[in-house]
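Under this note's numbering, the first residue of the sequence shown carries the number 2, and numbering increases by one thereafter. Every residue, glycine too, gets a C-beta built ideally from N, C-alpha and C. Note sheet for the following structure.
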Amino acid sequence: MPRSHLTRRALLASAGTAAVALSGCHRSSQRTVGMVPKGSSNLFWQTVHAGALKAAREFKFNLEWNAPSLETDSSRQVEIVESMINRRLAGLILAPVDRKALAGVVDKAAVQNVPTVIFDSAIDSDKMISYVATDNLAGGRLAARRLGEVLAGKGKVAILGFMLGSASTMEREQGFQQELAKSFPGIAMVDLRFSNSDRSVAMALAENIMTAHPDLGGFFADNEGSSTGAARALKSRNAKHIKLVAFDTTPQLIDDLRTGWLDSIVVQAPFAMGYKAAEAMGLHLQGKKPLAHIDSGVRLIRSSDLEAPDVKELLNPDLKPYLGNRGAA
2 MPRSHLTRRA LLASAGTAAV ALSGCHRSSQ RTVGMVPKGS SNLFWQTVHA
52 GALKAAREFK FNLEWNAPSL ETDSSRQVEI VESMINRRLA GLILAPVDRK
102 ALAGVVDKAA VQNVPTVIFD SAIDSDKMIS YVATDNLAGG RLAARRLGEV
152 LAGKGKVAIL GFMLGSASTM EREQGFQQEL AKSFPGIAMV DLRFSNSDRS
202 VAMALAENIM TAHPDLGGFF ADNEGSSTGA ARALKSRNAK HIKLVAFDTT
252 PQLIDDLRTG WLDSIVVQAP FAMGYKAAEA MGLHLQGKKP LAHIDSGVRL
302 IRSSDLEAPD VKELLNPDLK PYLGNRGAA
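Structure (structure tokens):
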């Protein structure tokens with residue numbers, strides 16, 4: 002073969018090797034952001050994950066998703082966050098289980114120059130670049146107004162809450178009680194119990210409340226676990242006359258809404274929440290300044306709303322493009 006052909010072939014081979022090396026270098030240098038929700042098993046967090054992955058793709062950073070097995074396990078969440086900080090990830094997106102317990106690691110992230118976006122629940126630290134969340138006070142007020150209307154402004158109601166220390170659900174409870182006192186003084190709030198998002202515990206608590214208050218008119222359950230447990234309790238007592246306003250959705254809760262076991266559901270926008278949280282981080286990594294506080298949206302859904310196209314999209318987002326078969330539910 003002529004020397005010129007050998008030289009040309011060698012140059013082409015060399016160029017190809019360089020291109021592969023540069024491509025590999027580009028992939029390995031793509032920044033990684035850690036995202037730590039309160040949990041990962043229920044549909045809400047899966048939908049948050051999908052929204053965050055969409056934004057991560059658009060802003061070209063890797064998303065490392067890790068969560069405690071239990072939504073009440075603040076100690077495990079601290080361990081996960083500390084590991085991400087120690088590995089010097091490019092950023093941290095956190096939904097704190099407990100506003101006090103996670104404050105220290107967020108402060109530590111700031112000292113280590115790891116930017117943090119807080120989402121879903123507030124935290125007792127100002128060391129964040131953005132806070133993305135549902136207006137939980139507004140969500141609680143929506144639930145109170147709905148129960149006040151369906152009970153015609155009189156009767157007894159109770160709250161099934163998530164846990165003490167969870168800023169998001171405490172705000173829902175606060176908004177509910179404030180609106181009830183302001184707009185429906187004829188309705189008495191007779192009990193507030195916490196299920197720690199355990200459906201069996203929530204069911205038992207709801208049954209105990211119904212036994213203690215046989216004339217109970219309604220429940221407000223302020224997260225998915227409490228809502229599911231309360232619905233099961235109503236079914237076990239055949240107590241469809243007791244009005245239940247739920248918070249967050251699953252296919253079962255949607256079916257309970259269709260069949261009248263739920264009066265209504267206060268619905269967040271978890272896909273938008275995940276997207277906006279990761280978008281805020283992406284903007285920061287590009288040297289831009291995200292908004293300090295971003296409202297991801299909340300609305301109340303009744304059974305008559307279920308066929309509306311925008312409600313269908315909100316309740317059943319297509320997760321498969323982001324989560325694969327994990328998004329089939």
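Distance between residue j and residue i (C-alpha atoms, nearest Å)
i	j	result
aspartate 99	glutamine 78	9 Å
alanine 104	aspartate 125	5 Å
leucine 152	glutamate 314	30 Å
aspartate 127	valine 107	9 Å
aspartate 319	valine 158	36 Å
methionine 85	asparagine 114	12 Å
glutamine 31	leucine 254	40 Å
serine 196	lysine 241	21 Å
Unbroken beta strand (DSSP E) run spanning residue i, endpoints
i	result
valine 37	33–37
glycine 92	92–95
glycine 105	Note, glycine 105: premise wrong, no beta strand (DSSP E); alpha helix (DSSP H) at 104–112.
alanine 222	219–222
Backbone secondary structure at residue i - three-state DSSP
i	result
phenylalanine 62	coil
threonine 170	helix
leucine 292	coil
serine 265	strand
serine 131	strand
lysine 155	coil
isoleucine 119	strand
aspartate 306	helix
methionine 190	strand
Check whether residue i and residue j have beta carbons under 9 Å apart
i	j	result
alanine 222	glutamine 178	no
serine 184	glycine 149	yes
serine 227	leucine 301	no
arginine 233	alanine 207	yes
asparagine 63	valine 37	no
leucine 44	glutamate 225	yes
serine 131	leucine 292	yes
The alpha helix (DSSP H) enclosing residue i, as first and last residue numbers
i	result
threonine 229	225–237
glycine 298	Here glycine 298 belongs to no alpha helix (DSSP H), and DSSP marks it neither H nor E.
aspartate 257	252–259
alanine 207	200–213
Sequence-distant residues of its chain with Cβ nearer than 7 Å to residue i (five each side left out)
i	result
tyrosine 323	Ala51, Leu54, Lys55
Cβ neighbours of residue i in the same chain (closer than 6 Å, five flanking residues each side left out)
i	result
glutamate 280	Ala56
glycine 176	Leu138, Gly141, Arg142
Close Cβ partners of residue i (< 8 Å) along its chain, the five nearest in sequence each way excluded
i	result
arginine 238	Glu208, Met211
alanine 68	Val37, Pro38, Lys39, Gly40, Ser41, Trp46, Gln78, Ile81
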